[in-house]
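Sequences listed follow chains A and B, in order. So in the working numbering, spot 85 of the first sequence is number 85, and the numbers just go up one at a time. So in the working numbering, spot 105 of the second sequence is number 451, and the numbers just go up one at a time. In this text, a Cβ means the ideal position worked out from N, Cα and C, and glycines have one as well. Accompanying notes for the structure given below.
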Amino acid sequence: MNDSEIRERVREAVGEAQYPPDLPGRVQAQLKAPRRESAHPRAIGLIAAILAIAVVAALFAPRLLTRQTSLLQPAASPAPQSSEIPAQDLAAAQLTAVASLVDPLHLVAQSGSQRIELIAAYADAARTVLFFRMTPDAGLPMASIDDAYGFLNASSSGSRGVPGDYVFALNAGPRPGIDGIAHLKVLITGVQPIGPGASTQGHWTFAPDVHVQGSQPIGSYPLHFALGSWKVTLEVIELTPSVVHVQALIDGATVGDVEQKFMTLVDSSGHEVRQIAGGASVTVPQAAAELEHVQEHSGQRPVGTSGGRQIQAAGGGQQRGPRGRPGNPRPGGFERQGPIRRTPAH
Amino acid sequence: MSFAPVVVRDVNVGDEQEFMLLLEPLLPTAHRLALGLLRSPSDAEDAVQSALLNAWRHFGQFRRGSDLKPWLLTIVANECRRQRRNRWWSVVKSAGLASRADREASAADPAIADLRRALYRLPHDQRLVVMLRYYLDLSFDEIALTTGISSKAAKSRTYRALERLRLSPEVSPDE
Numbered sequence: 001m002n003d004s005e006i007r008e009r010v011r012e013a014v015g016e017a018q019y020p021p022d023l024p025g026r027v028q029a030q031l032k033a034p035r036r037e038s039a040h041p042r043a044i045g046l047i048a049a050i051l052a053i054a055v056v057a058a059l060f061a062p063r064l065l066t067r068q069t070s071l072l073q074p075a076a077s078p079a080p081q082s083s084e085i086p087a088q089d090l091a092a093a094q095l096t097a098v099a100s101l102v103d104p105l106h107l108v109a110q111s112g113s114q115r116i117e118l119i120a121a122y123a124d125a126a127r128t129v130l131f132f133r134m135t136p137d138a139g140l141p142m143a144s145i146d147d148a149y150g151f152l153n154a155s156s157s158g159s160r161g162v163p164g165d166y167v168f169a170l171n172a173g174p175r176p177g178i179d180g181i182a183h184l185k186v187l188i189t190g191v192q193p194i195g196p197g198a199s200t201q202g203h204w205t206f207a208p209d210v211h212v213q214g215s216q217p218i219g220s221y222p223l224h225f226a227l228g229s230w231k232v233t234l235e236v237i238e239l240t241p242s243v244v245h246v247q248a249l250i251d252g253a254t255v256g257d258v259e260q261k262f263m264t265l266v267d268s269s270g271h272e273v274r275q276i277a278g279g280a281s282v283t284v285p286q287a288a289a290e291l292e293h294v295q296e297h298s299g300q301r302p303v304g305t306s307g308g309r310q311i312q313a314a315g316g317g318q319q320r321g322p323r324g325r326p327g328n329p330r331p332g333g334f335e336r337q338g339p340i341r342r343t344p345a346h
Numbered sequence: 347m348s349f350a351p352v353v354v355r356d357v358n359v360g361d362e363q364e365f366m367l368l369l370e371p372l373l374p375t376a377h378r379l380a381l382g383l384l385r386s387p388s389d390a391e392d393a394v395q396s397a398l399l400n401a402w403r404h405f406g407q408f409r410r411g412s413d414l415k416p417w418l419l420t421i422v423a424n425e426c427r428r429q430r431r432n433r434w435w436s437v438v439k440s441a442g443l444a445s446r447a448d449r450e451a452s453a454a455d456p457a458i459a460d461l462r463r464a465l466y467r468l469p470h471d472q473r474l475v476v477m478l479r480y481y482l483d484l485s486f487d488e489i490a491l492t493t494g495i496s497s498k499a500a501k502s503r504t505y506r507a508l509e510r511l512r513l514s515p516e517v518s519p520d521e
């Protein structure tokens, strides 16, 4: 294949770029007001953002965890042994409290001189976490994950465990079969060192079967409310064994409004719940031609608390409270407590 | 796509209008690169705007007498990499839209859909050289300037990427 043929195929694959004629004007306006760089509105009449927040239960009380996971774990799921997974790796993945739910694996792939072992995996409705052991220690593997239904398209993050071990966390859960197991295909095409240094290219593939832990929805959805000029549809608040996962559709937000951390979860005592990941994309109303999605993952799980939970976002705040105590959630146990409480914008 | 050098000799670094006059002819190229790297038109626009803002802030460090284009393309490429990396807040494409686009592409030519998927699974460095070479039509010398590697390394990286894409190149004797 010659250069012209390759060029033609690449252009067909990427598509032709439609240069937006107003881009120079927008850039110039941005240069004049550089502090407003993140707040530029898109030329879309209606923008809706889907926000997903996952909160890890770093402070999760073990006794409550035991009770909770007994509710969440599928009956058919065997209790895997995770004694071979270093505690530092589990901590890096924010999974220390649910170590027994991590599936140990011993899958090895070699490309060139780089050996990668997939030593363990964990999955629930909000996260897919893979534990890799690198020999030699060349850095963090850049992985893409497919389940039986296709590519899992979500933001991801990586962290380091014991020397040579890395955790790759995708902010989306795989879709399991009826047996509660997801059949994943993991492809690694590069290894990125932490810090300066050249990346290592290669081709490593794994096909792990991973138990997908169940989730417990809090309340019934969707819930609609207004937040300033935004119309918010709270689509999901669910507890997985490891996180609290919140997803909302926000109608009227701009990308600038949501591209920074703008939403927090606070427990009943007013403490912010640590967020571990978040993402957002813009989507388009069905009547229009184009939409985007905003998706976010962050957090930490406020377990052992009772009473209300607040979600605060730029422009105001909203308080919701479960009727039942955490650890004993039940369908419909999530209700509006009086009128919406607005808090000043930050 | 032409890559005529834009050499900057004397610019008032505090004048955004002058800065924009210099860079505006390069914006279509910058936008094209961002689209090639990020796939999403809106992400590409965001990346170009952020890159221009970075370029504006660091324009004082630009070496006068150098070519502006590789400098700008480097900043755009870095911004695109930053956008795709581990951001606390990251923009992901709508699964529904993606699948629709993929379905349409698959209906037209499954091989092109496969190539598209393969392109966006390439590591950033390899995707960058493929886009510079085959989407922006740059020479290997120009790619080398943009990526900060030697011309030989640029060729080698490009061919490795093509092998991964199963687009076996014909290597001419002069290369």
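If you reduce the DSSP assignment to three classes, tell me which class residue i lands in.
i	result
GLN312(A)	Note that GLN312(A) has pLDDT 43, beneath the 50 cutoff, so the model's placement of it is unreliable and no number is given.
GLY150(A)	strand
GLU377(A)	Nothing can be reported for residue 377(A), as the shown portion of chain A is limited to 1 through 346.
GLY214(A)	coil
GLU16(A)	coil
VAL422(B)	helix
ASP483(B)	coil
PRO229(A)	Sequence check: residue 229(A) is Ser here, not Pro. SER229(A) falls in the coil class under three-state DSSP.
ARG325(A)	Note that ARG325(A) scores 28 on pLDDT, short of 50, meaning its location in the model is unreliable; the coordinates nonetheless yield the value given after this. Three-state DSSP puts ARG325(A) in coil, outside helix and strand.
PRO34(A)	Low confidence applies here, because PRO34(A) scores a pLDDT of 46, under 50, leaving its location unreliable; read the following figure in that light. Note: PRO34(A) maps to helix in three-state DSSP.
GLU364(B)	helix
VAL108(A)	strand
ILE145(A)	strand
GLY219(A)	coil
ARG378(B)	helix
VAL394(B)	helix
ALA52(A)	No answer about ALA52(A) holds up, because its pLDDT of 44 lies below 50 and its placement is not dependable.
LEU383(B)	helix
ALA138(A)	coil
Comparing alpha-carbon positions, which option in the options lies nearest residue i?
i	options	result
LEU398(B)	SER412(B), GLY382(B), ARG409(B), PRO374(B)	PRO374(B)
VAL186(A)	PRO222(A), ILE178(A), PHE131(A)	PHE131(A)
GLY161(A)	PRO217(A), ARG26(A), GLY139(A), THR128(A)	GLY139(A)
ALA29(A)	SER497(B), CYS426(B), SER396(B)	SER396(B)
ILE119(A)	GLU235(A), PRO208(A), LEU170(A)	PRO208(A)
ILE116(A)	SER100(A), LEU95(A), TRP204(A), ASP3(A)	TRP204(A)
ASP389(B)	GLY25(A), GLY180(A), LYS32(A), TYR19(A)	TYR19(A)
LEU107(A)	THR96(A), ALA97(A), ALA121(A)	ALA121(A)
SER412(B)	LEU491(B), ASP460(B), LEU511(B)	LEU491(B)
VAL243(A)	ALA13(A), THR96(A), ILE85(A)	THR96(A)
ILE495(B)	VAL475(B), ARG506(B), ALA507(B), ILE421(B)	VAL475(B)
GLY180(A)	ASP147(A), PHE168(A), ILE188(A)	ASP147(A)
TYR505(B)	LEU23(A), MET134(A), GLN201(A), VAL102(A)	GLN201(A)
Using the Cα positions of residue i and residue j, report the straight-line distance between them to the nearest angstrom.
i	j	result
LYS415(B)	SER144(A)	32 Å
TYR149(A)	ALA182(A)	10 Å
ILE6(A)	LEU513(B)	7 Å
LEU368(B)	ASP165(A)	47 Å
VAL394(B)	ARG462(B)	22 Å
GLY197(A)	PHE225(A)	49 Å
PRO21(A)	PRO371(B)	12 Å
LYS501(B)	PHE486(B)	6 Å
ARG433(B)	ASN171(A)	For ARG433(B), the predicted model reports a pLDDT of 45, less than 50, meaning its position is unreliable and no value from the coordinates is stated.
TYR466(B)	SER269(A)	45 Å
ILE194(A)	SER220(A)	43 Å
PHE365(B)	LEU379(B)	20 Å
THR233(A)	ASP251(A)	8 Å
ASN424(B)	ARG430(B)	10 Å
CYS426(B)	LEU383(B)	7 Å
PRO24(A)	LEU419(B)	16 Å
Along the chain, where does the beta strand (DSSP E) that runs through residue i open and close?
i	result
GLY158(A)	156-160
TYR122(A)	114-123
GLN407(B)	Here GLN407(B) belongs to no beta strand (DSSP E), and DSSP marks it neither H nor E.
ASP251(A)	243-251
LEU95(A)	Looking at the DSSP string, LEU95(A) is not in any beta strand (DSSP E), and its letter there is neither H nor E.
ILE188(A)	185-192
GLY494(B)	From DSSP, GLY494(B) is part of no beta strand (DSSP E); its letter is neither H nor E.
THR358(A)	Nothing can be reported for residue 358(A), as the shown portion of chain A is limited to 1 through 346.
ASP165(A)	165-170
THR369(A)	Here chain A covers residues 1 to 346 and nothing more, so residue 369(A) does not appear.
Consider the C-beta atom of residue i and the heavy atoms of the ligand ADP; say whether any pair is separated by less than 8 Å.
i	result
LEU223(A)	Within the structure as shown, the ligand ADP is missing, as the structure has no ligands at all.
If I'm right that residue i touches residue j with Cβ under 8 Å, what's the distance once you round it to whole angstroms?
i	j	result
ASP267(A)	VAL212(A)	About 27 Å separates the two Cβ atoms, so there is no contact after all.
GLN94(A)	MET142(A)	Going by Cβ atoms, the distance from GLN94(A) to MET142(A) rounds to 20 Å, so no, they are not a contact pair.
SER113(A)	PRO469(B)	That pair is no contact at about 17 Å.
ALA99(A)	VAL167(A)	Wrong, their Cβ atoms sit about 13 Å apart, outside the cutoff.
ARG479(B)	ILE489(B)	6 Å
Can you tell me where the alpha helix (DSSP H) with residue i in it begins and where it stops?
i	result
ARG462(B)	456-465
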